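Residue numbering for the sequence shown follows the working numbering, beginning at 17 and increasing consecutively. Okay, so here's the structure we're looking at.
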Amino acid sequence: MTRSFPHAVGRDLTDAPQRREVIVVGGGQAGLAIGYFLSQQGHDFAILEAADAPAAAWRGRWESLRLFTPARYSSLPGAPFPGDPDRYPTRDDVAAYLSDYARRFELPVEFASRVRSIRKTNATYTVELDDRIHQADQVVVATGPFQVPFVPPIAERLDPEVVQLHSAAYQAPRDIPEGSVLVVGGGNTGFQIAEELSASHEVHLSIGSRQTPLPQRIFGRDLFWYLEATGLIRKTTASRIGRRMAGRDTLIGSLPRTLRRRYGVRLHGRTVDATGRTVSFDDGETLDVGAVIWATGFRVDHSWIDVSVFDRTGRVVHQRGVTESPGLYFLGLSWLHTRGSALIGWVKDDAEYLARQIATFQRTASRETRAPEQVR
Ligand SMILES: Cc1cc2nc3c(=O)[nH]c(=O)nc-3n(C[C@H](O)[C@H](O)[C@H](O)COP(=O)(O)OP(=O)(O)OC[C@H]3O[C@@H](n4cnc5c(N)ncnc54)[C@H](O)[C@@H]3O)c2cc1C
Numbered sequence: 017m018t019r020s021f022p023h024a025v026g027r028d029l030t031d032a033p034q035r036r037e038v039i040v041v042g043g044g045q046a047g048l049a050i051g052y053f054l055s056q057q058g059h060d061f062a063i064l065e066a067a068d069a070p071a072a073a074w075r076g077r078w079e080s081l082r083l084f085t086p087a088r089y090s091s092l093p094g095a096p097f098p099g100d101p102d103r104y105p106t107r108d109d110v111a112a113y114l115s116d117y118a119r120r121f122e123l124p125v126e127f128a129s130r131v132r133s134i135r136k137t138n139a140t141y142t143v144e145l146d147d148r149i150h151q152a153d154q155v156v157v158a159t160g161p162f163q164v165p166f167v168p169p170i171a172e173r174l175d176p177e178v179v180q181l182h183s184a185a186y187q188a189p190r191d192i193p194e195g196s197v198l199v200v201g202g203g204n205t206g207f208q209i210a211e212e213l214s215a216s217h218e219v220h221l222s223i224g225s226r227q228t229p230l231p232q233r234i235f236g237r238d239l240f241w242y243l244e245a246t247g248l249i250r251k252t253t254a255s256r257i258g259r260r261m262a263g264r265d266t267l268i269g270s271l272p273r274t275l276r277r278r279y280g281v282r283l284h285g286r287t288v289d290a291t292g293r294t295v296s297f298d299d300g301e302t303l304d305v306g307a308v309i310w311a312t313g314f315r316v317d318h319s320w321i322d323v324s325v326f327d328r329t330g331r332v333v334h335q336r337g338v339t340e341s342p343g344l345y346f347l348g349l350s351w352l353h354t355r356g357s358a359l360i361g362w363v364k365d366d367a368e369y370l371a372r373q374i375a376t377f378q379r380t381a382s383r384e385t386r387a388p389e390q391v392r
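The structure is reproduced here in C-alpha cells:
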C-alpha cells in the first residue's frame, strides 16, 4: 500500500495542487471496492483516508464483534473472504481482509489524509487537506454510512459520576465499572453489547422502538442466503418493497425474550429523561444507573462538502450515488440504492455501476479537451 505523502503537521498549501482524474475520499470497504474497478480501468486516481491505517472503522468497533453476514457474503470484488464460507468473521478478520485487499490489488491509498473540503470551480474539483491540495475531474465520497456517533441531549443531564459512552467507543466489558449498566438502543448493536455485558454486569436494555426480528439461520441456511435467493437484497428504493424495507430496521439473530430469559437482561421502554443518576422511561418507570452505553446510532456529516448537491435537511440528492454536479458521486451510504448498498458483500454492485459512470464521463471529458486541437 502506498503512503505517498509525509504526515505534514503544519499547513503548507503553497505547492502546486496534485492533479488526478479521480479522487476517492475514504478508504473503507466502499473506497476499496471502487478503487478495484478504477484500477482495472486504468484510471489515474488516489484514495484519501483520514486514518493512519487500513480498516479504521472496523478496528474501532468492539472487540468481540462478529459479522451478521457470513464470510460467503462478505467479499469485495475479486477476492473471496478467506476461510469457511459459512463462518461469521470477527472484527479483526474483516480488518485483516481489508488490509490484505488493498495490498493485493496495490490500491493507491494515502493514509493520514483527512479531506477538509471539496469545492468545484468550472469543471474541476478542488480537494483540500491540511497539508496539500488535490484537483480532480471526478470525486467519489466514500466516507461511510455511520460517521458521527449520536447521543441524545438528555445525556447531559446525567451526573458526571455516571460513566457514559457511545457504542462507537465501547470495546469490552472491562470498560464498564462493576454494577448496573443501562444500554440504550434496541438495534443489533444494543442487543449484542447487552448480551456480552450480561456475563459480568447487571444489564438493563432500553428499547425505544421494536425492530423487526429476523432469525440469523432458517432451516440450516443463513438469512442472507434467502435475501439473495429471493432477490430481496437487491430490491431498490424505487420499488414498493424496497421502500418498505428501507423504512424498517431489522434485528438479526436476536430476540428480546431470549435476551431476558437466557441472559437475564432487564428490558425497559424508551429512555425519555435523566437527572442525576436516574433515568426515566416512557412507561413512567425509573432506574438508578452507574453506567450508560448509548447505542443510539450515528449521523452522516457532509458539511465539509461545498458543492450544492444537498437538500434543505442536508441529505445528498442523488440517483444511485450520481449527483447533479457532474463528476461527483457518493458510495456506501445506507440504502444508496438497495439494502446491500452499505454491506461489505454488496457494495461492489454500486461501486461497479459508479465506475462505469466515471469511465464514460472521463472519455467524454477527454474528447472535449482534445476537440480544439483537432479543429486546428
Ligand atoms: C456495529 C456494526 C456492525 C456491522 N456489521 C456488518 C456486517 O456484519 N456485515 C456487513 O456487511 N456490514 C456490517 N456493517 C455495515 C457496514 O459494512 C460498515 O459500516 C462498513 O464499515 C461501511 O464501510 P464504508 O467503507 O462505507 O465506511 P467506513 O468503513 O466507515 O469507512 C469510511 C472511511 O472513510 C474515512 N473518512 C471519513 N471521513 C473522511 C475524510 N473527510 N477524509 C478522508 N477519509 C475520511 C474513515 O476514516 C473511514 O476509514 C456494520 C456496521 C456497524 C456499525
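Positions of the beta carbon are idealized from the N, C-alpha and C atoms, including for glycine. This one's a predicted model, so the numbers in the text were calculated from it and none came from an experiment.
Query, Result
"Hey, is residue 126 close to ligand 1, as in C-beta under 7 Å from one of its heavy atoms?", "no"
"What whole-angstrom Cβ distance do residue 281 and residue 295 have, given they're in contact under 8 Å?", "Contact doesn't hold; Cβ gap of about 16 Å is too wide."
"Excluding sequence positions up to five away, which residues of its chain have a Cβ less than 8 Å from the Cβ of residue 60?", "36, 37, 38"
"Can you give me the start and stop residues for the beta strand (DSSP E) that residue 137 sits inside?", "131 to 137"
"Taking all protein chains shown into account, do 16 or more other C-beta atoms lie within 10 angstroms of the C-beta of residue 365, making it buried, or fewer, making it exposed?", "buried"
"Would you mind giving the Cβ-Cβ distance between residue 189 and residue 213, rounded to the nearest angstrom? I have them listed as a contact below 8 Å.", "5 Å"
"When the Cα atoms are used, what is the spatial distance from residue 128 to residue 144?", "13 Å"
"If you follow the alpha helix (DSSP H) that residue 109 is part of, which residue opens it and which one closes it?", "107 to 120"
"Which residues in the same chain have their Cβ closer than 6 Å to the Cβ of residue 248, if we skip the five residues on either side of it in sequence?", "none"
"Using DSSP bridges, identify the partner residues of residue 196.", "218"
"When you compare the CB positions of residue 160 and residue 356, do they come within less than 8 Å of one another, or not?", "no"
"Please classify residue 126: is it buried, with 16 or more other beta-carbons within 10 angstroms of its beta-carbon, or exposed?", "buried"
"I need the boundaries of the alpha helix (DSSP H) containing residue 56, first residue and last residue.", "45 to 56"
"Could you compute how far the alpha carbon of residue 31 sits from the alpha carbon of residue 326?", "31 Å"
"Nearest to residue 163 by CA position, among 183, 275, 33, is which residue?", "183"
"What first and last residue would you give for the alpha helix (DSSP H) that runs through residue 208?", "204 to 213"
"With residue 291 as the anchor, note down where its beta strand (DSSP E) starts and where it stops.", "287 to 291"
"Measure the CB-CB distance between residue 267 and residue 203 and report whether it falls below 8 Å.", "yes"
"Distance, Cα to Cα, residue 381 vs residue 106?", "43 Å"
"Let me see if you follow: with CB-CB separation under 8 Å, is residue 226 close to chain B or not?", "Of the chains in the structure shown, none is chain B; there is only one protein chain."
"I'd like to confirm the pairing. Which residues does DSSP put opposite residue 123 in its beta bridges?", "Paired residues: none, contrary to the question."
"Between the alpha carbons of residue 262 and residue 207, how many angstroms are there, rounded?", "21 Å"
"State whether the region 331 to 347 contacts the region 73 to 86, with contact taken as three or more CB pairs (one from each stretch) at a distance under 8 Å.", "no"
"Whole angstroms are fine: how far does the CA of residue 379 sit from the CA of residue 392?", "Since pLDDT at residue 392 reaches only 37, below the 50 mark, its modelled position is unreliable, and no value is offered."
"Any heavy atom of ligand 1 closer than 7 Å to the beta-carbon of residue 159?", "yes"
"For residue 321, tell me which candidate among 311, 135, 375 has the shortest Cα-Cα distance.", "135"
"Answer yes or no: do residue 117 and residue 48 have a C-beta to C-beta separation smaller than 8 Å?", "yes"
"Could you work out which residue in 98, 141, 158, 56 is closest to residue 42 when comparing CA atoms only?", "158"
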